[in-house]
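To start, the structure itself, in structure tokens.
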Amino acid sequence: MSFPATRLRRFRKNPTLRLLVRETHLSADDLVLPFFVCPGEGIAKAVGSMPGVFQQSVDRVVETAREAYAEGIRAIILFGLPEHKDEVGSAAWSPDGIVQRALRALGSEVPGMIKIVDVCFCEYTSHGHCGVLTGLGENTTVDNDATVANLARQSVSLAEAGADIIAPSDMMDGRVGAIRTALDSAGFTDIPILSYAAKFASGFYGPFREAAESTPAFGDRRSYQMDAANGREALREAALDVEEGADMLMVKPALPYLDILAKMRERFDLPLAAYHVSGEYAMLKAAGERGWIDYNRVMMESLIAIRRAGADLIITYAAREAARLLAEGWSE
Ligand code: PBG
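So the number in the numbering used here is just where the residue sits in the sequence shown, counting from 1, plus 312.
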């Protein structure tokens, strides 16, 4: 006996039917907008390789966050460009540090906004590495345990200034446990940790390093960030972070690592974030500016693909653009 052909096109006939069977949705609630906070006042300095992204002084950060909030954005992530850098990155845990100041201003001026903070030292060290250096010459590397102690200190300082979520991005071993312990003993038992669990050593971070002025002065980050070739290791990273008390996990970059995201989704029940990074954004912008792709369309398609692979939330420089398109009824 033969059956009539199954016709999957029955539900593709019109937009209403397509929406009825849509499996994945994108919403402004799931988007996180990054900020680069710099010293001064009234400053909004364009980042050349990231059209639409600026280094902004605290007053401008507040203004932009307020506009973004009005457009439906409910979460931001803050990166700091300190006045002074030193060998260990001590400006990162100063009560008067640049991100600490931004947190206080945002807390009083844009109270509903969820403030995630990136915890790491590459923006704060004179050498641009993500922690304290040890060893000489060719053997110079980032000292894991000394860096972990400083990350805990930075986290407590940021929590004291009003951070809502602590997001360590350094890739030192054991940092999640140390940060959890430090937060708890300082009374911040309610502050969650979003671990950059699977953060790969990636060329896609290039434009970010211009924005954050955090390019390493020598060498690269391959001795602490993950090898792009490794999938199983990403799951081990995540499992350890869960054991140490992570409340949310992140995969970074996003599009080139959707397989990792999908595997993490299957394996863990924690909320899962993806970082649609600077290079991913820059490529879309560059091709869009040349008219080689339809920027809005490809950007929205990228974000829905990241959600489909398993991300609950997406950190993206396109958050405001996406929120505006969604408000206009976009359904890519
Ligand atoms: C480290 C950090 C980086 C990014 C986020 N946190 C840079 C790096 O590891 O070199 C990159 C984000 C992006 O490319 O958008 N503090």
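C-beta atoms are modelled at their ideal positions from N, C-alpha and C, and glycine is treated no differently.
Reduced DSSP secondary structure (H/G/I, E/B, other) of Pro480: Stepping through the sequence shown from its first residue, residue 480 is reached at position 168. In this structure, DSSP gives Pro480 an extended state, which the three-state scheme calls strand.
Beta-carbon within less than 7 angstroms of Gly392's beta-carbon, same chain only, minus the 5 sequence neighbours each way: which residues are those? As a first step, residue 392 is located in the sequence shown; it is residue number 80 there, counting from the start. Around Gly392: Val349, Gly409, Ile410, Val411 and Glu435.
Along the alpha helix (DSSP H) that carries Tyr593, what are the first and last residues, could you check? The residue you call residue 593 lines up with position 281 of the sequence shown. Annotation for Tyr593: the continuous alpha helix (DSSP H) segment containing it runs Ser590 to Glu601.
Take Val365 as the anchor and find which of Ala635, Ala631 and Leu638 has the nearest alpha-carbon. Stepping through the sequence shown from its first residue, residue 365 is reached at position 53. Closest option to Val365, Cα to Cα, is Ala631.
Residue from Val444, Lys427 and Met425 whose Cα sits closest to the Cα of Ser402: Within the sequence shown, residue 402 is the residue found at index 90, counting from 1. With distances taken between Cα atoms, Ser402 lies closest to Val444.
Straight-line CA distance for Pro565 to Glu592? Counted from its first residue, the sequence shown places residue 565 at position 253. Counted from its first residue, the sequence shown places residue 592 at position 280. Per the coordinates, the alpha-carbon of Pro565 lies some 8 angstroms from the alpha-carbon of Glu592.
Heavy atom of the ligand PBG within 8 angstroms of Ala524 beta-carbon: Locating residue 524 in the sequence shown gives position 212, counting from the first residue. Ala524: yes, Cβ under 8 angstroms from the ligand PBG.
Can you find a CB in chain B that lies within less than 9 angstroms of the CB of Val422? Considering every chain present, this structure includes no chain B. It has just one protein chain.
In angstroms with no decimal places, state the Cα-to-Cα distance between Ile385 and Leu448. Residue numbering aside, residue 385 sits at position 73 when the sequence shown is read from its first letter. Residue numbering aside, residue 448 sits at position 136 when the sequence shown is read from its first letter. Their Cα atoms are separated by approximately 46 angstroms.
Would you say the beta carbon of Gln466 is closer than 8 angstroms to some non-hydrogen atom of the ligand PBG? The sequence position of residue 466 within the sequence shown is 154, counting from 1. No, the beta carbon of Gln466 sits no closer than 8 angstroms to any heavy atom of the ligand PBG.
Look at Pro351 and Glu421 and say whether their C-beta atoms are less than 9 angstroms apart. Locating residue 351 in the sequence shown gives position 39, where the first residue counts as 1. Locating residue 421 in the sequence shown gives position 109, where the first residue counts as 1. The answer is no: Cβ separation not under 9 angstroms.
Would you say the beta carbon of Cys350 comes nearer than 8 angstroms to a heavy atom of the ligand PBG? In the sequence shown, counting from the first residue as 1, residue 350 sits at position 38. Look at Cys350: its beta carbon is at least 8 angstroms from all of the heavy atoms in the ligand PBG.
Proximity to Val563 [Cα-Cα], best of Phe530, Asp606, Gly622 and Gly603: On the sequence shown, position 251 is the one that residue 563 refers to. Ranking Phe530, Asp606, Gly622 and Gly603 by Cα distance to Val563 puts Gly622 first.
Whether Gly518 touches Ala594 by CB criterion (9 angstroms): As a position in the sequence shown, residue 518 is number 206, starting the count at 1. As a position in the sequence shown, residue 594 is number 282, starting the count at 1. A distance below 9 angstroms separates the beta carbons of Gly518 and Ala594.
Which class does Thr453 belong to by DSSP, given the choice of helix, strand or coil? Indexing the sequence shown from 1 puts residue 453 at position 141. Correct three-state label for Thr453: strand.
Just to check, is the beta-carbon of Gly424 closer than 8 angstroms to a non-hydrogen atom of the ligand PBG? The sequence position of residue 424 within the sequence shown is 112, counting from 1. No, since every heavy atom of the ligand PBG falls outside the 8 angstroms radius drawn around the Cβ of Gly424.
In the DSSP output, what is Ile428 paired with across the bridge? Within the sequence shown, the letter at position 116 stands for residue 428. Under the DSSP definition of a beta bridge, Ile428 partners with Ile389 and Ile477.
Looking only at its own chain, which residues have a Cβ that is under 6 angstroms from the Cβ of Arg534, when we skip the five neighbours before and after it? As a working mapping, residue 534 is identified with position 222 in the sequence shown. If we look at Arg534 and ignore the five residues flanking it on each side, its Cβ neighbours are Ala513.
Within 8 angstroms: the Cβ of Gly591 and any heavy atom of the ligand GDP? Of the ligands this structure carries, namely the ligand PBG, none is the ligand GDP.
Go ahead and label Glu549 buried or exposed: buried means 16 or more other beta carbons lie within 10 angstroms of its beta carbon, across all protein chains shown. As a working mapping, residue 549 is identified with position 237 in the sequence shown. Counting Cβ neighbours within 10 Å, Glu549 comes out buried, since at least 16 surround it.
Going by DSSP, what residues sit across from Val344 in a beta bridge? By one-based count along the sequence shown, residue 344 stands at place 32. DSSP output for Val344 lists Ala387 and Ile627 as bridge partner(s).
Below 8 angstroms, can you find three or more Cβ-Cβ pairs linking the stretch 463-480 to the stretch 535-549? With the cut-off at 8 angstroms, the stretch 463-480 and the stretch 535-549 do not touch.
Whose C-alpha, out of Asp341, Pro346, Arg609 and Gln367, is nearest the C-alpha of Ala356? Locating residue 356 in the sequence shown gives position 44, where the first residue counts as 1. Between Ala356 and the set Asp341, Pro346, Arg609 and Gln367, the nearest pair of CA atoms involves Gln367.
Does the Cβ of Ala303 have 16 or more other Cβ atoms within 10 Å, making it buried, or fewer, making it exposed? The first residue shown for the chain is 313 and the last is 644, placing residue 303 beyond what the model contains.
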